[in-house]
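Below you can see the structure in the form of structure tokens.
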């Protein structure tokens, strides 16, 4: 009699979360003495849940941070930067940060840079977006 024995072993699957950052400025031109807002959104395109997620936004010289708010997790402000953090971000879920700043520059350009990070590996790193806005006098 011939017996067949089937042995199976669980194979660990590595978690990977593809994070993508987008950003929109409230105006294509900043006005000296005026206010500008930036909406920054980080989305998890999966396939895994992203762990320990942070969305950081940094204002350049020529801007003063007024306020920041987020849709998910905790929002913090430190100098010219703001951050939104959450313990996890499921597939399709977003982390949004809205930044309000006054324009202190009178000429040139102001920039705003956002970076999304997670402790879960990202197969397509480079989750950084910079918006450049020219400044005009009133």
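In this note's numbering, the protein residues as written are 1049 to 1186.
The beta-carbon is built from N, C-alpha and C at its ideal position, and this holds for glycine as well.
Predicted model only: the values in this text are computed from it and were never measured.
Look at the stretch 1098-1164 and you find these whole runs of beta strand (DSSP E), each 3 residues long or longer: 1098-1107, 1111-1118, 1122-1126, 1129-1137, 1142-1151. Here residue 1109 is not near residue 1130, since their CB atoms are 9 Å or more apart.
Under the Cβ criterion (8 Å, minimum of three pairs), the stretch 1097-1104 counts as touching the stretch 1132-1144. As computed with DSSP, residue 1092 is found in a beta bridge with 1067. Take residue 1124, set aside five residues on each side of it, and the residues of its chain with a beta-carbon closer than 6 Å to its own are 1131, in chain order. Contact between residue 1071 and residue 1087 holds, since their C-beta atoms are separated by about 7 Å, short of 8 Å.
Residues 1107, 1113 of the same chain have their beta carbon placed closer than 6 Å to that of residue 1128, with the five preceding and five following residues left out of the count.
Bounds of the beta strand (DSSP E) holding residue 1184 are 1176-1184.
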